[in-house]
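Trainee: To convert, note that position 212 of the sequence shown is 333 in this note's numbering; the numbers rise steadily by one, no gaps. The C-beta atom is built at its ideal place from N, Cα and C for all residues, glycine as well. Since the model is a prediction, treat every value here as computed from it, not as a measurement.
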Amino acid sequence: MLIRIKGAISNCYLLLGERPVLVDTGAPGDLKRILAALKAVSLKPEDLALILLTHGHSNHAGCAAELRRRSGAQVALHIGDCPLVRQGRNGILAAQDTLGRVLRPFVDEQFEAFEPDLIFREGISLETYGVKGKVLATPGHTPGSISVVLASGEAIIGDLLRGSVVWPNKSRPHWFCNDAESNGRSIVRLAREGLLRCHPGVYGSFPGTELGRYLSTDGGQVLALSGEPV
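(1) Taking a contact to mean a Cβ-Cβ separation below 7 Å, would you say Ala-185 touches Leu-171 in this structure?
(2) Could you check if Glu-76 is buried or exposed, using at least 16 other CB atoms within 10 Å of its CB as the buried criterion?
(3) Beta carbon of Val-287, beta carbon of Leu-136: below 7 Å?
(4) Using CA coordinates, which residue listed in Arg-191, Gly-177, Thr-249 and Gly-244 is at the minimum distance from Val-256?
(5) Per DSSP, Asn-304 is paired with what?
(6) Going by other Cβ atoms of all chains shown within 10 Å of its Cβ, with 16 needed for buried, is Asn-211 buried or exposed?
(7) Taking the continuous alpha helix (DSSP H) assigned at Phe-227, which residues delimit it?
(8) What's the C-alpha gap between Lys-127 and Gly-333?
(9) Quick check on the DSSP output: the beta strand (DSSP E) that includes Asn-132 runs from which residue to which?
(10) When the Cα of Ile-308 is compared with those of Gly-325, Leu-271 and Ser-266, which residue comes out closest?
(11) Would you grab the beta carbon distance between Asp-229 and Leu-214 for me? Rounded to a whole angstrom, and I think it's under 8 Å.
(12) Could you check the C-alpha separation between Ala-258 and Ile-278 for me, to the nearest Å?
(13) Is Ala-234 near Arg-207, with beta carbons less than 7 Å apart?
(14) Report the CB separation of Ala-272 from Cys-319 in whole angstroms; it is logged as a contact under 8 Å.
(15) Answer with buried or exposed for Arg-189, where buried requires no fewer than 16 other C-beta atoms within 10 angstroms of its C-beta.
(16) Once you ignore the five residues that flank Glu-291 on each side, which residues in its own chain have a CB closer than 8 Å to its CB?
(17) Could you pull the start and end residues of the beta strand (DSSP E) that Cys-319 belongs to?
(18) Tell me the DSSP bridge mates of Ser-98?
(19) Cutting at 7 Å between CB atoms, please list the residues of its own chain near Leu-224, excluding the five before and the five after it.
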């Protein structure tokens, strides 16, 4: 079972398997929202088996240090984003459009720096932590971005793509992306998983078939919304 926790800027997700796993920790001010979500399903921070971060930006790792203190759970992060959380800074936020440039000053927060407990390079299985699923490296938005692919056919994709307010069940490119070419390859990788539903870091979820909108007819190349290869 997957529960979406709406933060001030982005989503966190609570995975309820044999043991609960928290995916992302929101922005620095989102702690109360996360604690309330845990309480709503009769859980306490110390019940968490793992805190897994999709990447190291402030709106996803902002409460990680405090939640680790409260829970005693390990914080897991891809090696590519360790420099961000060790400094408590977002690093480069490469805006992809005008809205991204407008939003950047408002989302570029500092957060409490920390050292991850579990650092991985390619991916990990979540079955050790009581959840039927796996972690895949999906770089692009940041060097260490990952996605969580569950046995149910759902995936938590971080900021690989975002949802849409105007068009429910539709995806859109994220406002920030450090490496568009890598991000494109990551979309191809997830598209080949045959996902039923994708849960992004921003806004609501969308069908896994949405990933196909970015693919060329042979499924091997990612297209921008303009129709030009990226």
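Mentor: Put simply:
(1) Contact: no.
(2) Lying outside 122 to 351, the shown extent of the chain, residue 76 is not represented and no answer is given.
(3) no
(4) Gly-244
(5) Note: Asn-304 sits in no beta bridge, so no partner.
(6) buried
(7) 219-228
(8) 26 Å
(9) Its beta strand (DSSP E) spans residues 132-137.
(10) Among Gly-325, Leu-271 and Ser-266, the Cα nearest to that of Ile-308 is on Ser-266.
(11) 6 Å
(12) 10 Å
(13) yes
(14) The distance from the Cβ of Ala-272 to that of Cys-319 is about 15 Å, inconsistent with a contact at the 8 Å cut-off.
(15) buried
(16) Note that residue 291 is Lys in the sequence shown here, rather than Glu. Within the same chain, Lys-291 has close Cβ partners Gly-284, Ser-285, Phe-327 and Glu-331.
(17) 318-321
(18) No answer is possible for residue 98: the residues shown for the chain start at 122 and end at 351.
(19) Trp-296
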